[in-house]
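Trainee: I have a structure here, written as structure tokens, and I will follow up with some questions on it.
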Amino acid sequence: MTKKIFIDTDIGGDCDDAGALAIANVLKNERLIDVVGITFTTSGRYGPACISAINTFYGNSDIEIGATHRKNFCDENISIFQPEIAKRFKNDFYIKESGTLYPAQEAVGFIRKKLAAEPDGSVTFLCIGQLNNVSDLLDSAPDGYSALSGAELVKRKIDKFVVMGGLFAEEGEVFGSEAEYNIVTDIASAVNFVNKCPVEIVFSDFNVGCQIKTGGELLRRGGEDNPVALAYKLFQNGPRESWDLLALWYAALGEDDLFKISPAGRVTVDGDGKTRFECVEHGLHFLIRLCNTVEYTCNKLEKTLVKEISYVK
11 MTKKIFIDTD IGGDCDDAGA LAIANVLKNE RLIDVVGITF TTSGRYGPAC
61 ISAINTFYGN SDIEIGATHR KNFCDENISI FQPEIAKRFK NDFYIKESGT
111 LYPAQEAVGF IRKKLAAEPD GSVTFLCIGQ LNNVSDLLDS APDGYSALSG
161 AELVKRKIDK FVVMGGLFAE EGEVFGSEAE YNIVTDIASA VNFVNKCPVE
211 IVFSDFNVGC QIKTGGELLR RGGEDNPVAL AYKLFQNGPR ESWDLLALWY
261 AALGEDDLFK ISPAGRVTVD GDGKTRFECV EHGLHFLIRL CNTVEYTCNK
311 LEKTLVKEIS YVK
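Below, the structure is given as structure tokens:
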């Protein structure tokens, strides 16, 4: 059965979100996953249009998109590639001829609508941005889409969350006593989500993604006619750490031959946004760790990224 994935992204602050969407589209075109929907976490104006442009490039303009309606939320760090992709590539939100930019559906209502229509326990929910949308989802009230509260709807419809977020040090690692970006940019939402979520959360932390740099081959092959290659070019014109790509890969394909999963435990987020994991029997939280070489993992992701040529007519 095709795995159902919902994606929540802050695309614009980094190009690895674009890489993750590229892989999601490739796997969708191979019928390995079904993308139930995509939501945008920040108030960056061109986020939904950028997401739509990438999906459209891969032939998947039918994927519906929602976005937070918060104002002035985490939009200071938006790279030039977000509006550039929106204005250069065909999408459902920006009309080049008139310069009109249309808003996306409000994120929480959109998520509730999409989840309500799916079979029970069928959706893996990937978070590769701030946790505001999923925190607000948990606190949402019954509506016309479902008589269930947000927490009840999540427990009914979502198998697990996969979250790119946090720093969880292992022996010999440099990082672990700092606060990771996706968490620290909205600590209140992270605390609320982690404490209230009634289903499993698998965390892919900063230490995992920073070891794997990808996008170089995509840059060499893609050129500026590929929105994802353009994102990498405009962001830093070179390979980038693969935080979001690895989280997407696990959400879509499970442990595969790239990952091992920690014993069960509990993650806590403190008032400074720092994260801690402790093993707890029957806990709902888990950590992703790499189980293969850096070279092998990079090669696998890179080969998937360059498959876009096969799917463009």
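Those letters in the sequence shown? Residues 11 to 323, per the working numbering, in order.
Glycine is no exception: its CB is placed at the ideal position from the N, C-alpha and C atoms.
(1) On a CA-only basis, which of Glu-265, Ile-48, Asp-282 and Tyr-104 is nearest Val-201? Give me that one, please.
(2) Note down, in chain order, each residue of its chain lying with its Cβ closer than 7 Å to the Cβ of Pro-208, except the 5 sequence neighbours on either side.
(3) I'd like the span of the alpha helix (DSSP H) that includes Gly-232, first residue to last.
(4) I'd like the span of the alpha helix (DSSP H) that includes Gly-77, first residue to last.
(5) How big is the Cα-Cα spacing for Cys-308 and Ala-274?
(6) Please confirm whether Gly-175 and Glu-190 have their CB atoms less than 8 Å apart.
(7) Determine the DSSP secondary structure at Leu-258, reduced to helix, strand or coil.
(8) Closest to Asn-70 by CA distance: which of Thr-195, Leu-31, Arg-286 and Glu-251 is it?
(9) Taking the CB atoms as reference points, tell me whether Ala-77 and Ala-127 lie closer together than 8 Å.
(10) Where Asp-24 and Ser-89 are concerned, what is the direct C-alpha to C-alpha distance, given to the nearest angstrom?
(11) So if DSSP puts Gly-176 in a beta bridge, which residue, or which two residues, is it bridged to?
(12) Going by C-alpha to C-alpha distance, which of Leu-300, Cys-301, Arg-299 and Ser-272 sits closest to Glu-288?
Mentor: In short, the structure shows the following:
(1) Closest option to Val-201, Cα to Cα, is Asp-282.
(2) Ala-161, Val-164 and Lys-165
(3) Counted as a single uninterrupted DSSP element, the alpha helix (DSSP H) harbouring Gly-232 occupies residues 226 to 232.
(4) Note on identity: in this sequence residue 77 is Ala, with Gly being the wrong assignment. Ala-77 -> not in any alpha helix (DSSP H); beta strand (DSSP E) instead, spanning 75 to 77.
(5) 27 Å
(6) Yes, the pair counts as a contact, with Cβ atoms nearer than the cut-off.
(7) helix
(8) Leu-31
(9) no
(10) 7 Å
(11) None, per the DSSP bridge assignment.
(12) Ser-272
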